[in-house]
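Residue numbers (this note's numbering): -19 to 74.
Shown next as structure tokens:
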């Protein structure tokens, strides 16, 4: 396989994984799959990370994300990763 093909597959996988996070967080359902709302929210996140509160925000969000991954893993032990059911399209709660 050529180098550009390997790199393209890596990039595609990365983009799919990022999309999966958007779905796991419930963003698609909560926004009605409105791309403008999703992009606006992501831009607000970027602004927050660039602000003087960026480092604190990064730590807070990282902790919440780790907690969500752990909760998801605990409730889905032994299952293979697949398209989440509609019930799973809700944000993780702390």
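For glycine and all other residues, C-beta sits at the position ideal for the given N, C-alpha and C.
- When secondary structure is reduced to three states using DSSP, residue 27 falls in the helix class.
- Measuring C-alpha to C-alpha distances from residue -1 to each of 36, 53, 15 identifies 15 as the nearest.
- Between residue 7 and residue 21, the C-beta gap is smaller than 9 Å, which places the two residues in contact.
- Excluding the 5 residues flanking it on each side, residue 29 has same chain C-beta neighbours closer than 7 Å at 37, 38, in chain order.
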